[in-house]
Every structure is written in structure tokens, then in C-alpha cells.
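Chains as they are written, first to last, in the numbering used here: chain A, 205 to 470; chain B, 205 to 470; chain C, 205 to 470.
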Amino acid sequence: MLSEILERNRSTGPLVHCISNYVTANDCVNLLLASGASGIMADDADEVEEITAMCQALVINLGTPNPRRLDAMLKAGKAANRLGHPVVFDPVGVGGSALRREAAARLLDAVRFSVIRGNASEIRTLVDGSAAHRGVDADTDCQDTTDLARQLARSSGAVVVLTGAEDIVTDGQRTYLVKNGHPMMRTVTGAGCQLSALIGAYVAASPEKPLDSTLAAVCAMGLCGERAHHRMTQLDGNASYRNYIIDAMFRLDGTALEEGGNYEIL
Amino acid sequence: MLSEILERNRSTGPLVHCISNYVTANDCVNLLLASGASGIMADDADEVEEITAMCQALVINLGTPNPRRLDAMLKAGKAANRLGHPVVFDPVGVGGSALRREAAARLLDAVRFSVIRGNASEIRTLVDGSAAHRGVDADTDCQDTTDLARQLARSSGAVVVLTGAEDIVTDGQRTYLVKNGHPMMRTVTGAGCQLSALIGAYVAASPEKPLDSTLAAVCAMGLCGERAHHRMTQLDGNASYRNYIIDAMFRLDGTALEEGGNYEIL
Amino acid sequence: MLSEILERNRSTGPLVHCISNYVTANDCVNLLLASGASGIMADDADEVEEITAMCQALVINLGTPNPRRLDAMLKAGKAANRLGHPVVFDPVGVGGSALRREAAARLLDAVRFSVIRGNASEIRTLVDGSAAHRGVDADTDCQDTTDLARQLARSSGAVVVLTGAEDIVTDGQRTYLVKNGHPMMRTVTGAGCQLSALIGAYVAASPEKPLDSTLAAVCAMGLCGERAHHRMTQLDGNASYRNYIIDAMFRLDGTALEEGGNYEIL
Chain A
205 MLSEILERNR
215 STGPLVHCIS
225 NYVTANDCVN
235 LLLASGASGI
245 MADDADEVEE
255 ITAMCQALVI
265 NLGTPNPRRL
275 DAMLKAGKAA
285 NRLGHPVVFD
295 PVGVGGSALR
305 REAAARLLDA
315 VRFSVIRGNA
325 SEIRTLVDGS
335 AAHRGVDADT
345 DCQDTTDLAR
355 QLARSSGAVV
365 VLTGAEDIVT
375 DGQRTYLVKN
385 GHPMMRTVTG
395 AGCQLSALIG
405 AYVAASPEKP
415 LDSTLAAVCA
425 MGLCGERAHH
435 RMTQLDGNAS
445 YRNYIIDAMF
455 RLDGTALEEG
465 GNYEIL
Chain B
205 MLSEILERNR
215 STGPLVHCIS
225 NYVTANDCVN
235 LLLASGASGI
245 MADDADEVEE
255 ITAMCQALVI
265 NLGTPNPRRL
275 DAMLKAGKAA
285 NRLGHPVVFD
295 PVGVGGSALR
305 REAAARLLDA
315 VRFSVIRGNA
325 SEIRTLVDGS
335 AAHRGVDADT
345 DCQDTTDLAR
355 QLARSSGAVV
365 VLTGAEDIVT
375 DGQRTYLVKN
385 GHPMMRTVTG
395 AGCQLSALIG
405 AYVAASPEKP
415 LDSTLAAVCA
425 MGLCGERAHH
435 RMTQLDGNAS
445 YRNYIIDAMF
455 RLDGTALEEG
465 GNYEIL
Chain C
205 MLSEILERNR
215 STGPLVHCIS
225 NYVTANDCVN
235 LLLASGASGI
245 MADDADEVEE
255 ITAMCQALVI
265 NLGTPNPRRL
275 DAMLKAGKAA
285 NRLGHPVVFD
295 PVGVGGSALR
305 REAAARLLDA
315 VRFSVIRGNA
325 SEIRTLVDGS
335 AAHRGVDADT
345 DCQDTTDLAR
355 QLARSSGAVV
365 VLTGAEDIVT
375 DGQRTYLVKN
385 GHPMMRTVTG
395 AGCQLSALIG
405 AYVAASPEKP
415 LDSTLAAVCA
425 MGLCGERAHH
435 RMTQLDGNAS
445 YRNYIIDAMF
455 RLDGTALEEG
465 GNYEIL
């Protein structure tokens, strides 16, 4: 199943519109290209509707936010919804400022997301924030990240990916635990941003099964993190490792993903 | 001839002012440094005239556009014209939005470009747009990319580079077909942006022959793409390849370019 | 002594808020991660006070400036001062435009910096500018970079790092000359930006001795430049070298820094 999703992305090569931070933008596009998809960055409100219309998916990344980029995100998100394109949300550092929390709340209100990907703290902020925002009594003491992810999936209608030492992928009904990945990935800025971009491509290529497509992307990224680590020499550090992850994605085929994908159903 | 242009760039080390997108900015500056030139990015209208005045060339790249950056482009372009500096235009994704088309039209009206570099679709958009804009009957059905490039060269007065599987370089009179390059270059974001930056450096170093300087830059970039591919291992993908292109530029000397440059006169 | 500072950074892992240019942002964060610290980029005035409050240091980098980012720099700098966080200033290209000179003057007036790092021309511009600004008769003919650095250290109260073929580190009283580094570092964009980010981390980890922490960061970065060069092959150029510097930082331990640190007291 993972194999099929990877191959569909390679054969269809979706174009992904990314509204992203400037720190990891280059890596995101190169990771998309490595996967067989491609990416275009555009973040001005005057053009994002047109750019989104020529793409097959939209990925909204909350890093280095500002009010002008938020306007563009809202416009692009609504346009993608009208067109039926999958929209991925990566709430980078959402707990870090009111600007980010409010941006996230406005986006969750105005845009229907196909997938939301964040770490435990980011997902928790969305659950608390959106709960408060909707007047629902949020379980702010929730310790179980699986419950947290399921809760956001149910309230948002999106597939939720909560990444950490192990990753959770859930649509609120079915839940997967992904054991791919390597601790070395935490030493590279933008591994999460790259995963969010890849999810956009995979879901665009197989829109009829967003949960499985997302699972495949999470497994693929984690597996590339493993393979990249396997390749490291005694002199290599996180910069070479960053390149090796993208290289591994370039080389990854369906058979390798099918064999290396390491997940279970919860 | 190619050798002399490369060496002139190495010996004079021009400083190139880039108004660029944030996706490929880092690669553009490192490619310039690899060639022996150097680069400075500055995109605020309040400072671009001064920054351009301390440089020897200006490269305007239309990626990730917004109205503020367009103001800066117009100001910088006019200042560079007054100073007699070569100005290169890279109309990234110009067909993708009205914002980009209008920005291109305003730039083509207000700024005299030494070189314009784009792919077939971008050059076609400029030909159609500027033709419509000037009330001329554009040949919108033109299939021949050579004619397209020549047409833009004649209407704009710029050397035009149309990059693809093979590259066309023309000033409207003389036309070269460049066969350097490798398909792998399409898997790297910003190879085109880097070429545009390099053209700025080469033309600044040899301003008396913009066509030949541009030809040399196109051959050099393509040759580096070939050499970078030659170096790839079974584990390398587009991220390592991206580095290898810049590395190859760092190592490229006049003799190698003279021998490896692969072009013919059309 | 250098060893202890490196190890303190690794064991405490400070989070550094960077307000940076978009050209070198990715490398700065990856260099921080390589060192054991981490980084967050945020440059909108609406959020920088909150972001700075969750970090342990602030690094203000003047590359690709604009009025909006300057507002953010001023707000963040004042907030960091209130919180007692170290603030590092990297006046990239400050002599290049009135926008940059005025931004630097406003920042030096409003923010108390722990460390200022620049090349000779940048430090000279700050000395002249701030002197003129304060109505003091600046020694604009000063040839001696050591005097220049001491002068700025005394007038600003900051530790000053003046980088070049050899680097000067001074608080106006004690002065070090650092002989680490390699000429190849000049072929990489952002080596200076990365050093400034690293200084922020080291000073945050050992805030009781800003001069020694800064010295350790300067030695560490230079030593990584040497080690990266040692690793280069006949095919490698500045792109691989860029990665090798960050890799070397990832691998650098206290013992190696203690042995390889090459400095003397002036």
C-alpha cells in the first residue's frame, strides 16, 4: 500500500504551492523534487489564489509569520478549498506568540485542512486554542499524545500527524503509530517542514485516501532519516546528514518503502 | 574565447547585486563566490540604489514577488541603467499570476536589460505580454523557441537566453545553441536562478561583449551540471548534486571551459 | 577554559532568537544545532518580544534589512535587555546604505549589546557613525584594527569581534588575537553570520564571562574552518566546504577546541 502511494506521487509529479518560512524553503522544494513532485513558493496575497489554482496541493507553514503572509495564507487556503485541493497545515512554533496562536485560530476557522502536522506541543496548543475558541471544555491536562492527535482530528476533520520519537497518524477513527525515523533528524532544521511538504504531494497524488497517503509520507521521511544516518561517516555531521536525507528521498522506491515502512495500527 | 571570459571574471571578481527570491538566495551567492565573483542581496526600496551603486551588475529575479520588492526592483533597475551597469532579468514563473505578468511588463518598460533568461514558457509570456502591451500583433502560436528568443531579443534589445534540454543564446542577430547541461539539473531548485546570477557576473567582467559573456556563463553552468553528475555515487541524490554543481564551478578553469564548452552557431 | 565554554553550551543547549537575513538563515540555524544549541527565526514586530522571552539570547543581523524588520529588531533588543539576555549585533554591510547606517545608529542607541561582530569596514563604520552621532571626534584615519575594535568596545560597552585574516576579540580592556580560521571561509556566504549566531549561544550558556565565551566561539568557528578544509577532496569546492564547516562543529568537542584553539593576549 505504501509502495503504491509513493509510485503514484512519482508518476503524477504534483506541483505543491508552499507558503513557507524563509529558513527552510530551499530544503522543502528540494525534498519535493527528490520525491518526484515539485514546489512553488509564493506568499503575496495579490497572487496566491492564482498560484494555488495551478498547483495540486497547498502547504501552509507558520514559521517566520507576519500579517501580510497571514493574509496570503487565508486567501490561498480558501481558494484551495473551493478548488478541492488538499491543504496541509504546519503550525510551526504556534505556542510561541499570540501572533501565531491567532493566525492558527483564524486559519482553522476559515480553511478546511486535509492534514495538520506538528509536534506534541504544537498540537496541544491547537487543541487548547481551538477548543477555547469554540467554547468547548478542552482537556488541557491530556498526557496522551494519541488522544491529543485524535481530538484535533475529530474537531478539525483533518488527518493529524503528531511527530516525536514515534509518530502518530490519525483521522480520529483509525490511528497509526510510525516507528521510522532517527534521533539525528532533530539536529536538522526543517525536517518537519519537509515532511509537511511531502504530505502535500502524496495526498495530492492519491487524494482518495488522505490517511494512507499521509502515513506513507511519514514512513518515507522517517525511512530516509534512517538511511541517511546509515550513510554517515566519522566526519559527517548534521549538514551532510541534511543532504543525505534528501538524497535518500531521491533514491527511495516503492519496494524499499514497502519493506522499510515500520508502523502499526493502534 | 570562453576561457578568456571565465578568467576575466575570476581576475576582476565583480560584486553582483541580487534582488532575488528567498528560496534560492543562498545558492545564488555561493555560486557567485564559486565563480570568483561575489554577491549581495538587498531588496528594500530605501537602499537598493546605493547598494546597486557599489556593485558592478544587478540581477532581478521575479520569484516570491511582492509589491514592496517590485518597487525596489524598479528603483534598482533604473539606477543601474543610469550607472551603465549590466542588468539581468530572470522572470521566474512569470506566467503564473497577474502580479508577475504586470511586474514584468513594468520592469520591461522602465528598465533596459542587458540579458533576459527564462525557460520557453517564461520567454513566451514575455513575448506575448510585451507585444500586447505595445500593441503589436504577437505570434502567440510560435512553436519555434529559437524564433521566440530572437523575437524577445529584438523587441527588448537584450541578449535572451532560453533554457531547456538545449539552450538558446541570442542577441537577435547572432544565435548560439548550447548543448551543455544534464537532465539532473531539473531536480535542483534554483539552477536557473544561479545561472542568471552568473550571467550578471560574467557580463559585468566583460561588458564589451554581452552576447559572448552570456554564452560563456551558459556553457559554464551546463558543464558544471555535467561534471557534477559525473561525480555522483549510487547514494547521492539531488541534494548532493546541488552541492557538486557549485563545487564544480569552484574548480572550473578556463581550459576546462574551452574544452568542455559545447555550442554551435545557428 | 575554551573547553568548559563549549561543554557548557552543549550541556545547556540554549535557544537563540535570530533576526536574520534570508540568505544565510538556514545555515545559521544548522550551525547552532551543530553546536548543541538551537535557533528560532522570527522577525515580525508583533511577536518578537514573546519569542525573545522564550529564548536565552538574541542575535540581530543587519543583512537584507527593511523598515519592518528594523522595528522588530528594536522591540526585540529592548525586550532582551529588560530580561537580561545577551544580545549580539552583526552589522552586515552597514557601510553600504543610509538605511543600514541609520538602523545601526538607532540600534546602538536603543539596545545594550553584549557582543558586536563585524569585519574591519563594518566596525569602522560603526565607530565613525556612532562617534558622529554622539558628537565625538572619531579617528577616521585609524589604521590599526585593534584600536578600532577597542574604541567600539569602550564606546558601546560590548565585547567587539573584528574578523579578518586574524580575528580580534576585545572588551576594551583585555584583547585577544585569534589565529584560527582558513582563507577558504571567505568563499562561503554566511560564515560570519554563523559565527555571530554561535557567539549568542556561547554567551547565553556562560553569561558570567562574555569575553571568554566570545573568544571560545571565535576559536571554535575558525577551528571548524580549518578542519573542514583539511577534509576537502580534489573535487570539493565551497558548497561541500560549507557543509564540512557545520559538520566539524557537530563533531567538535572540548578537548579538540582546547588543543586547537590558537590565540594570544595582546
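Even glycine gets a Cβ: it sits at the ideal position worked out from N, Cα and C.
Listed along chain A are D250, E251 and E254, each with a C-beta nearer than 9 Å to that of B/A302.
In the structure shown, A/A261 adopts extended strand secondary structure according to DSSP, grouped into three states. Contact fails between the segment 348 to 358 of chain A and the segment 388 to 405 of chain A, because fewer than three Cβ pairs, one in each stretch, are under 8 Å apart.
Against chain A, a Cβ distance below 9 Å from C/L237 picks out R390, T391, V392, T393 and N442. A Cβ of chain B is located within less than 8 Å of the beta carbon of A/V233. The DSSP assignment places complete beta strand (DSSP E) segments of no fewer than 3 residues inside the segment 304 to 387 of chain B at 319 to 323, 363 to 367, 371 to 374 and 379 to 382, in order along the chain. Of all alpha-carbon atoms in C/R378, C/D294 and C/H433, the one lying nearest the alpha-carbon of C/T367 is that of C/D294. The beta-carbon distance between A/N213 and C/N234, rounded to whole angstroms, is 27 Å. This is too long to meet the 8 Å contact definition.
In its chain, beyond the 5 residues on either side, L427 have a beta carbon closer than 8 Å to the beta carbon of B/A460.
Of all residues in the segment 425 to 451 of chain B, those with a C-beta nearer than 9 Å to a C-beta of chain A are Q438, L439, D440, G441, N442, A443, S444, Y445, R446 and N447, reading in chain order.
Contact annotation for C/I223 against chain A: no contact, minimum CB-CB distance about 10 Å [criterion: below 9 Å]. In the DSSP assignment, A/E462 falls within the alpha helix (DSSP H) that extends over G458 to G464.
Partner residues in the beta bridge of C/G243, as assigned by DSSP, are C/V220. Within chain A, the C-beta atoms nearer than 7 Å to that of C/Y226 come from Y226, in chain order. Within 10 angstroms of the beta-carbon of C/P387 lie fewer than 16 other beta-carbons, which makes it exposed. DSSP places B/E468 in the uninterrupted beta strand (DSSP E) bounded by Y467 to I469. If you ignore the 5 residues before and after C/T379, its C-beta comes within less than 8 Å of the C-beta of T350, A353, R354, I372, V373, I469 and L470, all in its own chain and listed in chain order. Here C/D294 carries a strand assignment [DSSP, helix/strand/coil]. Spatial neighbours of C/T216 in its own chain (CB-CB distance under 6 Å, excluding positions within 5 residues in sequence) are listed in chain order as A409. For A/Y406, the enclosing alpha helix (DSSP H) covers residues A395 to A409. For C/M436 and B/G394, the gap between their C-alpha atoms comes out near 25 Å. Check the Cα spacing between B/S242 and each of B/D250, B/K279 and B/F454: the tightest is with B/F454.
Taking C-beta atoms as the reference points, C/M245 and A/T329 fail to come closer than 8 Å. Around the CB of A/H434, fewer than 16 other CB atoms lie within 10 Å, so the residue is classed as exposed.
The Cβ atoms of A/S318 and A/V220 lie no closer than 8 Å to each other.
The three-state secondary structure of B/D416, taken from DSSP, is helix. For C/I264, no chain A residue has a Cβ inside 9 Å of its Cβ, as the nearest lies near 15 Å away. Neighbours of A/G297 in chain C, taken as residues at a C-beta separation under 7 Å, are given in chain order as I244.
Three or more beta-carbon pairs separated by less than 8 Å link the segment 259 to 274 of chain B to the segment 307 to 314 of chain B, which places the two stretches in contact. Note on geometry: alpha-carbon atoms of A/C222 and B/S417 lie some 35 Å from one another. In the three-state DSSP reduction, C/N225 falls in the coil class, being neither helix nor strand. Only G267, T268, P269, N270 and P271 from the segment 267 to 288 of chain C bring a Cβ to less than 8 Å from some Cβ of chain B. DSSP places B/G281 inside the alpha helix (DSSP H), whose first and last residues are P271 to L287. C/K279 sits close to C/A249, with the two beta carbons spaced by under 8 Å. Counting along the chain, no alpha helix (DSSP H) covers A/M436, and no H or E run does either.
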